[in-house]
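Numbering-wise (this note's numbering), the sequence shown opens with residue 87 and increments by one.
We put the CB at the ideal spot given by N, CA and C, even for glycine.
Note that the structure is predicted; figures quoted are calculated from it, not measured.
See below for the structure under consideration.
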Amino acid sequence: METILSILGGLGLFLYAVTSLSNILQGLLGDRSKDLIKKFVSNLFTAIITGTVLTILLDSSSAVIILTIVLVNAKVLTFRQAIGIVMGANIGTTFSSQLIAFDIGKYSSVPIFIGLVLGFFAKNENLSKSARALLYFGILFFGLYTMERSVEPLRENDFFAKLMESLNNPLKGAGIGALVTLVIQSSSATVGIVITLAKKGLIELPGAIAVMLGAELGTCADTLLATIRSNRQALKTGIFHLSFNIISIAIGLLCFPFFISLVLWISKDSSLQQKIATSHILFNVLGVLLFLPFVSLIEKLLNKLLPDKKEQINREAAAGLDTGPTS
Numbered sequence: 087m088e089t090i091l092s093i094l095g096g097l098g099l100f101l102y103a104v105t106s107l108s109n110i111l112q113g114l115l116g117d118r119s120k121d122l123i124k125k126f127v128s129n130l131f132t133a134i135i136t137g138t139v140l141t142i143l144l145d146s147s148s149a150v151i152i153l154t155i156v157l158v159n160a161k162v163l164t165f166r167q168a169i170g171i172v173m174g175a176n177i178g179t180t181f182s183s184q185l186i187a188f189d190i191g192k193y194s195s196v197p198i199f200i201g202l203v204l205g206f207f208a209k210n211e212n213l214s215k216s217a218r219a220l221l222y223f224g225i226l227f228f229g230l231y232t233m234e235r236s237v238e239p240l241r242e243n244d245f246f247a248k249l250m251e252s253l254n255n256p257l258k259g260a261g262i263g264a265l266v267t268l269v270i271q272s273s274s275a276t277v278g279i280v281i282t283l284a285k286k287g288l289i290e291l292p293g294a295i296a297v298m299l300g301a302e303l304g305t306c307a308d309t310l311l312a313t314i315r316s317n318r319q320a321l322k323t324g325i326f327h328l329s330f331n332i333i334s335i336a337i338g339l340l341c342f343p344f345f346i347s348l349v350l351w352i353s354k355d356s357s358l359q360q361k362i363a364t365s366h367i368l369f370n371v372l373g374v375l376l377f378l379p380f381v382s383l384i385e386k387l388l389n390k391l392l393p394d395k396k397e398q399i400n401r402e403a404a405a406g407l408d409t410g411p412t413s
């Protein structure tokens, strides 16, 4: 019971820090993030780069995609520009897994202490927000460190060992990853849990990758909610995000053994947690590269399936004239 409470406490700290860090960074960037999006999305490639950079800065792909949906709904961005940002956000979200893979949790008290001291003496609002960002950054890794220490007793638990072994089944592992992410609303947290388990040798690479694939699907829920009562362009952005993840995951599951071999070949002698982090970035980069040649086709297909209401009325009127009675 004590182990479960400690794990939940660590997870709670992590989720609190992720949400707070994302909010404070959005506050620091303010309208600059919107200006950055509008300025650097002249073509698909710059939109991908913009989505990647903003996700790294905000530490949340969901925040970037939701912001994009808002801007599309306001007709500031086009659907095609949003496609690039969404793909870039999927790459940017892998940055956090790279950080988590490094064993820096034991030093988490340093940014916590510095953030507290700076926040106490800060008179400038931006400095105060920066101090809080540093504080939340430290809490994030302290939460992971707490979970890492808490899972150690699970080594001796037969039920837990069998559960972790069952995750090596790609479908089951992906299902668990999607469910966990849907519940806790953070793919970064799901990947963080997996890397934490890997550090203690409690999960194998196939199971970890399967859960990571599922986490990519679970993260679509909040972005789809953001499309409620939005215009067709914004709705298509949410549907593209869902379609992108579903197709990428399906291909990942179909090529599962080959993907694991590729990760092992690239990672060579690195630690298990580093291999998981590598698989995360590799999966998302390959997904973007796979979709790039088909962006125009996907855009046309979604435009046809979900035309703007005005466009649809014009088409129906034109069709009525074509099929009308002739004298």
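- About 17 Å separates the CB atoms of Thr276 and Gly95; that is not less than 8 Å, and the two are not in contact.
- Contact between the segment 288-296 and the segment 315-334 is absent, with fewer than three C-beta pairs closer than 8 Å.
- Under the three-state reduction of DSSP, Cys306 is assigned to helix.
- When the beta-carbon positions are compared, Gly178 and Ile152 stay at least 7 Å from each other.
- For Gln167, the three-state secondary structure derived from DSSP is helix.
- When DSSP states are grouped into helix, strand and coil, Ile352 belongs to the helix group.
- Proximity to Ser106 across Leu226, Ala168, Lys209 peaks at Leu226, based on C-alpha coordinates.
- Distances from the CA of Gly259 to each of Ile270, Val280, Pro239, Val269 were compared; the closest alpha carbon is that of Val280.
- Looking at the backbone, the Cα of Ser146 and that of Ala187 are separated by about 17 Å.
- Scanning its chain for C-beta atoms nearer than 8 Å, with the 5 sequence neighbours on each side dropped, one finds around Val237 the residues Thr89, Ile93, Thr282, Leu283, Lys286, Leu288, in chain order.
- Ranking Leu368, Phe369, Leu144, Lys390 by CA distance to the CA of Phe223 puts Leu144 first.
- Excluding five sequence positions before and after Ala133, the CB atoms of its chain that fall closer than 7 Å to its own CB belong to Val127, Gln167, Gly170, Ile171, Gly174, given in chain order.
- In the pairwise beta carbon analysis, the segment 342-353 is classified as not touching the segment 302-312: fewer than three pairs are separated by under 8 Å.
- Here Ser365 is not near Ile314, since their CB atoms are 7 Å or more apart.
- Rounded to the nearest whole angstrom, the C-alpha separation of Leu388 and Phe342 is 29 Å.
- Linking Ile362 to Phe380 through their CA atoms gives a straight-line distance of about 28 Å.
- Here DSSP, grouped into helix, strand and coil, assigns Val127 to coil.
- Taken in chain order, the unbroken stretches of alpha helix (DSSP H) that lie wholly in the segment 293-343 and span 4 residues or more are 306-311, 318-340.
- Using a 10 angstroms sphere on the CB of Leu383, the tally of other CB atoms stays under 16, which defines it as exposed.
- Counting the other CB atoms within 10 Å of its CB gives Glu234 a total of 16 or more, which places it among the buried residues.
- Boundaries of the alpha helix (DSSP H) harbouring Pro256: 256-270, taken from the DSSP string.
- Taking all protein chains shown into account, Ala160 has fewer than 16 neighbouring C-beta atoms within 10 Å of its C-beta and is therefore exposed.
- Within the same chain, Cβ atoms closer than 6 Å to the Cβ of Gln359 are found at Ala187, Ile281, Ala284, Lys285, the five residues on either side in sequence being excluded.
- When the alpha-carbon of Asn212 is set against those of Leu130, Asn176, Phe344, Ile110, the nearest one is in Ile110.
- Between Leu185 and Ser274, the alpha-carbon positions lie close to 11 Å from each other.
- Close CB contacts of Leu101 within its chain, under the 7 Å cut and outside five residues either way in sequence, are with Ile270, Ser272, Ala275 (chain order).
- Under the three-state reduction of DSSP, Glu290 is assigned to coil, being neither helix nor strand.
- For Thr154, the uninterrupted alpha helix (DSSP H) segment begins and ends at 147-159.
- For the pair Gly229 and Leu91, the CB atoms are not nearer than the 7 Å cut-off.
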